[in-house]
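Here's the structure, in structure tokens; my notes come after.
In full-length UniProt numbering, the protein residues as written are 1 to 316.
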């Protein structure tokens, strides 16, 4: 049974709520100034947060850094622009579009009566004024919840959106990345039906949980791209064999095994990383591996960071 409360704000002492932009500290240090410490023209030297040893020889000066930044084809807003707006809401998606993201990443779960909706957690407690498991609540109960007040009183009108609604909001405006939180054939059927009716399969990436799910999705939606957040190195071969389009390896694996990056690319997969807050401290270490796709909590910051890197090569 659904229970709601008049106020469901998360105590400030917890770490469950992302910092809002108006309170989020922007550290203006050497790296945040985007290579103000890069000197020289041939080798290029990184002062402040990173040293030359942090970058491989082919990404050691502003020109090569700019090339690596240019290679980032996707800027995916994590749960929408979740540092600026309540996650997985229409407000967060509209902000991601406004900020210049090329894709919006959303989490998909199923109501008790089979409706697909946006919710990261298995329970509604953290991001709504309700309580209970998503799978135990009907869509009629879920769509009435306040999904914004926990983030700020000005977002009290935000409701839990359905996947159908979000695909309609995004159509023709921004690519969609689905993070599938459940598994099974019936779930895959519902995903495919919603995407075919309301989405743009050729402009969609689906993050899967298993090789079997990757196959299920591709069978139903051959036009979509698939992505896996690889958690075990031993799973790599099976996902490459399944022709997953984007793959997120662990950075430590790439550092310890330089041949692994070539293996991934030779297998036909593109590299996807999480840039979190998208400051240069976060982005620089990732650019060593020339990722095509970056997920971030702050798309406006990532757009700015990459743009400044590209300008560096032009001497602007």
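Cβ coordinates follow ideal geometry from the N, Cα and C atoms, glycine included.
Query, Result
"Residue 177, DSSP secondary structure in three states", "strand"
"Ordered list of beta strand (DSSP E) runs contained in the region 92-154, each at least 3 residues", "103-110 and 116-118"
"Candidates 140, 114, 147 and 136: closest to residue 127 by CA position", "147"
"Counted within 10 angstroms of its Cβ, other Cβ atoms place residue 302 as buried (16 or more) or exposed", "buried"
"Rounded C-alpha distance that separates residue 348 from residue 209", "Missing from the structure shown is residue 348; the chain here goes from 1 to 316 and no further."
"For residue 310: DSSP bridge partner residues", "Residue 310 is not bridged to any residue."
"Burial state of residue 84 (16 or more Cβ within 10 Å)", "buried"
"Residues bridged to residue 276 [DSSP beta-bridge criterion]", "296"
"Helix, strand or coil at residue 254 [DSSP, three-state]", "helix"
"Residue 248: first and last residue of the uninterrupted beta strand (DSSP E) it sits in", "246-248"
"Under 8 Å between C-beta atoms of residue 207 and residue 240", "no"
"Unbroken stretches of the beta strand (DSSP E), 3 residues or longer, contained in the region 176-235", "204-208 and 225-229"
"DSSP three-state assignment for residue 259, whether helix, strand or coil", "helix"
"CB of residue 296 within 8 Å of CB of residue 93, strictly", "no"
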